[in-house]
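See below for the structure under consideration.
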Amino acid sequence: MDGRQRYLASALVEHIGIGVIILDSKLRIQYWNAFISQCSGKQLEQGINQALTSVFPEANTPHLDQMVTQARDHGQHAYTQWRDNPYLIKLPYKPAREPGVLMLQSTLLFPFRDMDEQLCFGLLLYDTTEFARTNKQLDAALEALSGKQIEQERLIKKLEKANAQLLQSEKLAAIGQLAAGVAHEINNPIGYVFSNLKTLAGYVQDLLRISDAVDGATSLDELRQLKRSLEYDYIRSDIEALITESEDGIDRVKKIITALKDFSHIEEDEFQFADLHRGLDTTLNVVNNELKYKADIVKEYGELPQVECIPSQINQVLMNLLVNAAHAIEQFGRITLRSQQEGDWIWLEVEDTGKGIEPHLLNRIYEPFFTTKPVGKGTGLGLSLSYNILQKHNGRIEVSSEPGQGTRFRIWLPIRQPEAGSSGNPSL
Numbered sequence: 224m225d226g227r228q229r230y231l232a233s234a235l236v237e238h239i240g241i242g243v244i245i246l247d248s249k250l251r252i253q254y255w256n257a258f259i260s261q262c263s264g265k266q267l268e269q270g271i272n273q274a275l276t277s278v279f280p281e282a283n284t285p286h287l288d289q290m291v292t293q294a295r296d297h298g299q300h301a302y303t304q305w306r307d308n309p310y311l312i313k314l315p316y317k318p319a320r321e322p323g324v325l326m327l328q329s330t331l332l333f334p335f336r337d338m339d340e341q342l343c344f345g346l347l348l349y350d351t352t353e354f355a356r357t358n359k360q361l362d363a364a365l366e367a368l369s370g371k372q373i374e375q376e377r378l379i380k381k382l383e384k385a386n387a388q389l390l391q392s393e394k395l396a397a398i399g400q401l402a403a404g405v406a407h408e409i410n411n412p413i414g415y416v417f418s419n420l421k422t423l424a425g426y427v428q429d430l431l432r433i434s435d436a437v438d439g440a441t442s443l444d445e446l447r448q449l450k451r452s453l454e455y456d457y458i459r460s461d462i463e464a465l466i467t468e469s470e471d472g473i474d475r476v477k478k479i480i481t482a483l484k485d486f487s488h489i490e491e492d493e494f495q496f497a498d499l500h501r502g503l504d505t506t507l508n509v510v511n512n513e514l515k516y517k518a519d520i521v522k523e524y525g526e527l528p529q530v531e532c533i534p535s536q537i538n539q540v541l542m543n544l545l546v547n548a549a550h551a552i553e554q555f556g557r558i559t560l561r562s563q564q565e566g567d568w569i570w571l572e573v574e575d576t577g578k579g580i581e582p583h584l585l586n587r588i589y590e591p592f593f594t595t596k597p598v599g600k601g602t603g604l605g606l607s608l609s610y611n612i613l614q615k616h617n618g619r620i621e622v623s624s625e626p627g628q629g630t631r632f633r634i635w636l637p638i639r640q641p642e643a644g645s646s647g648n649p650s651l
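Taken in order, the sequence shown gives residues 224 to 651; the numbers are from the working numbering.
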């Protein structure tokens with residue numbers, strides 16, 4: 224194709240009433256036409272070389288994964304009709320629409336090779352509202368759907384409120400579980416410190432008897448006899464051991480309290496840069512009672528920078544994953560913790576040697592109240608809460624599991640939070 228032909232093709236793409244997006248093999252945006260800018264309110268400069276799901280976060284759905292698999296692995300065109308709601312990409316700013324009239328979109332994803340024989344994808348988005356309106360039955364359906372929009376919005380608001388209440392109940396349940404474990408962890412060192420203090424009290428009474436005998440003793444031999452009868456040498460050596468042991472116990476309590484403070488960050492509810500390794504370690508201290516009888520902890524940490532996040536919420540996610548891992552192990556196993564940086568993203572991984580998750584259940588694990596645990600072992604909201612927290616952080620969660628072999632959860636977080644309106648996820 225010569226220069227004039229390329230110019231004509233470019234002019235045509237810029238002026239047709241169809242959205243055109245060109246993606247590379249990793250689904251990073253290489254180009255879109257004026258239709259996309261006009262309808263989305265976003266400029267190409269904002270999206271160039273960014274992941275599609277970063278610029279259009281609503282596209283981050285299993286449906287997109289299926290379309291990409293169909294196009295990339297089978298070389299087929301993947302098509303979604305206007306009836307496939309919700310849309311892959313929403314174009315909310317499209318002009319010239321009457322109030323209350325729905326905009327119906329269809330989508331086509333197809334693979335092709337560029338001039339360097341590199342795999343690329345073309346994504347076409349076009350409006351089929353007028354086609355639907357030419358059919359009387361469809362037009363009547365559109366009117367009915369338009370009339371239901373306000374009612375639907377009300378229901379969505381109610382559901383959002385109910386969801387917030389459910390998530391709060393999960394937080395309270397987690398706090399209760401956490402409190403029981405922490406109470407046990409604190410009670411153990413406090414118990415032997417208290418026992419040591421009682422022993423020390425007896426030793427002090429004996430030492431005071433020896434001290435008082437100094438003034439009234441008639442001879443040095445009498446004093447030596449008293450010391451032998453009270454086992455002075457043993458008392459002296461045991462006091463040192465008791466003090467050392469008690470110091471260790473108090474230090475353990477101090478570490479638990481510090482871990483709780485680091486874990487909760489009660490006074491913080493805003494994004495800030497945090498050391499996620501420290502957060503993971505303090506979370507391990509907090510849930511130690513849940514883990515120590517179920518698994519050995521193996522740390523395979525990589526080098527991580529400070530990450531912009533709400534530390535207490537990320538700690539909540541890690542706690543959920545760690546407790547779930549412990550519950551999945553029926554006898555005694557291993558929990559492996561990994562971390563790594565990849566470009567502008569980091570990931571944290573929790574892998575267990577538990578019983579695993581059946582393949583047909585993997586697409587349900589983030590549903591509220593869904594759980595594979597026995598009755599009374601959990602509300603089924605932990606992963607739902609974790610999913611929502613990661614969405615808030617413009618991150619994502621991945622799971623890989625094999626029945627009888629174990630499960631691996633990996634959470635992705637951007638090192639820096641994107642600007643408002645440009646949130647997203649790592650490229651596929």
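We treat Cβ as the ideally placed atom computed from N, Cα and C, and that holds for glycine.
**Request:** Compare the C-alpha of Asp504 against each of Tyr516, Leu431, Lys522 and name the closest.
**Result:** Lys522
**Item:** Cβ distance (whole Å) where Leu311 is taken to contact Thr303 below 8 Å
**Value:** 6 Å
**Prompt:** Could you give the distance in angstroms between the alpha-carbon of Ile473 and the alpha-carbon of Ala424?
**Reply:** 18 Å
**Request:** On the DSSP bridge assignment, give the partners of Leu560 in chain order.
**Result:** Lys522, Val573
**Item:** Rounded straight-line distance, which links the Cα of Glu565 to that of Lys615
**Value:** 20 Å
**Message:** For Val291, list the residues DSSP reports as bridge partners.
**Reply:** For Val291, which the question treats as bridged, DSSP gives no partner whatsoever.
**Item:** For Pro285, the three-state DSSP class (helix, strand or coil)
**Value:** helix
**Request:** Would you list the one or two residues that DSSP bridges to Tyr455?
**Result:** In the DSSP output, where bridge partners are listed per residue, Tyr455 has none listed.
**Request:** Specify the secondary structure class of Leu314 as computed by DSSP and reduced to three states.
**Result:** coil
**Request:** Would you mind giving the Cβ-Cβ distance between Leu541 and Gly502, rounded to the nearest angstrom? I have them listed as a contact below 8 Å.
**Result:** 7 Å
**Item:** N-terminal and C-terminal residue of the alpha helix (DSSP H) that Ile259 is part of
**Value:** 257-263
**Asked** Can you list, in chain order, the residues of its chain whose CB lies under 7 Å from that of Asp498, leaving out five sequence neighbours each side?
**Response** Gln529
**Prompt:** Which residues bound the beta strand (DSSP E) around Asp350?
**Reply:** 342-350
**Request:** Kindly identify the DSSP beta-bridge partner or partners of Pro637.
**Result:** Trp568
**Prompt:** From this set, Ala549, Asn586, Tyr254, which residue's C-alpha is nearest Tyr610's C-alpha?
**Reply:** Asn586
**Close-in-space but distant-in-sequence residues of the same chain around Lys381 (CB under 8 Å, 5 per side omitted)** = none
**Prompt:** Are Glu531 and Phe496 closer than 9 Å when you measure CB to CB?
**Reply:** yes
**Item:** Buried/exposed call for Ala548, threshold 16 Cβ in 10 Å
**Value:** buried
**Prompt:** Under a three-way DSSP split, which group does Ile462 fall into?
**Reply:** helix
**Asked** Under three-state DSSP, which class holds Gly603?
**Response** At Gly603, the pLDDT of 49 sits below 50, so the modelled position is not reliable and the matter cannot be decided from this model.
**Request:** Name the one or two DSSP bridge partners that Phe632 has.
**Result:** Val573, Val622
**Asked** Using the beta-carbon count (16 or more within 10 Å), is Asp575 buried or exposed?
**Response** buried
**Message:** Out of Asn538, Glu237, Leu346, which one is the CA nearest neighbour of Thr700?
**Reply:** Residue 700 is absent from the model: the chain starts at 224 and stops at 651.
**Asked** Hey, how far is the Cα of Ile612 from the Cα of Gln536?
**Response** 7 Å
**Request:** Have a look at Lys477, Val476, Glu553 and flag the residue whose alpha-carbon is nearest the alpha-carbon of Glu513.
**Result:** Glu553
**Asked** In chain order, what residues of the same chain lie with their CB nearer than 6 Å to the CB of Gln628, ignoring the 5 residues before and after it?
**Response** Gly579
**Prompt:** So, are the CB atoms of Ile271 and Leu348 less than 9 Å apart?
**Reply:** no
**Message:** Taking the beta carbon of Gly525 as the centre, do at least 16 other beta carbons fall within 10 Å, making it buried, or is it exposed?
**Reply:** exposed
**Request:** Kindly indicate which three-state DSSP category Leu331 falls into: helix, strand or coil?
**Result:** strand
**Prompt:** With C-beta atoms as the reference, is Val573 less than 9 Å away from Ile558?
**Reply:** yes
**Request:** Reducing DSSP to helix, strand and coil, say where Asp339 ends up.
**Result:** coil
**Request:** Would you kindly work out how many angstroms separate the C-alpha atoms of Ser434 and Ile462, rounded to a whole number?
**Result:** 16 Å
**Of the listed residues Ile244, Glu625, Ile638, Phe279, nearest to His583 (C-alpha basis)** = Glu625
**Prompt:** With burial defined as no fewer than 16 other Cβ atoms inside 10 Å of the residue's Cβ, what is the status of Ser442: buried or exposed?
**Reply:** exposed
**Where Asp247 sits in the DSSP three-state scheme** = strand
**Asked** So what's Ala319 in DSSP terms, helix, strand or just coil?
**Response** Residue placement at Ala319 cannot be trusted, given a pLDDT of 48 that sits under 50; what the coordinates show is reported in the next sentence. If DSSP states are grouped into helix, strand and coil, Ala319 belongs with coil.
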